[in-house]
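Peer 1:
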Amino acid sequence: MTLYIDPPTWPGHGRMWSHLVSDVSYEELHAFAESIGCPAKAFERDHYDVPSHRYASAVGAGAVEVGSKELVRRLTAAGLRRPKGRPAA
1 MTLYIDPPTW PGHGRMWSHL VSDVSYEELH AFAESIGCPA KAFERDHYDV PSHRYASAVG
61 AGAVEVGSKE LVRRLTAAGL RRPKGRPAA
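Residue numbers (full-length UniProt numbering): 1 to 89.
Dropping the structure here:
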């Protein structure tokens with residue numbers, strides 16, 4: 001099981017956000033996100049938006065810290081990337 005999270009550098013709604021992804025499956029991603037308290041509504045296409053206050057919890061639970069470009073590279077290599085405008089498989 002490998003989950004990846006980028007630093008909370010994405011602004012929105014008065015907060016800073018990270019992205020949480022899996023390089024195995026969406027099922028793994030959903031289970032991990034639930035275990036750290038991320039609501040289902042935080043899922044967007046292929047990742048969870050994680051507020052900065054949950055970042056340490058995600059890392060503590062086993063998410064690997066990577067840069068944003070590396071996160072997208074791993075997600076794409078796993079065949080799990082769903083860019084905007086592309087329907088879910």
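C-beta atoms are modelled at their ideal positions from N, C-alpha and C, and glycine is treated no differently.
Looking at C-alpha atoms only, which residue of Gly-14, Lys-69 and Leu-3 is the closest neighbour of Ser-35?
Peer 2: Out of Gly-14, Lys-69 and Leu-3, Leu-3 has the C-alpha closest to the C-alpha of Ser-35.
Peer 1: In three-state DSSP terms, what is His-47?
Peer 2: strand
Peer 1: Taking the beta carbon of Ala-58 as the centre, do at least 16 other beta carbons fall within 10 Å, making it buried, or is it exposed?
Peer 2: Under a 10 Å Cβ-count criterion, Ala-58 is classified as buried, with 16 or more other Cβ atoms of the shown protein chains found around its own Cβ.
Peer 1: Under the three-state reduction of DSSP, which class applies to Ser-25: helix, strand or coil?
Peer 2: coil
Peer 1: Report back the beta-carbon spacing between Leu-71 and His-30 to the nearest angstrom; my notes put them in contact at under 8 Å.
Peer 2: In fact, because the Cβ distance is near 17 Å, the residues do not count as touching under 8 Å.
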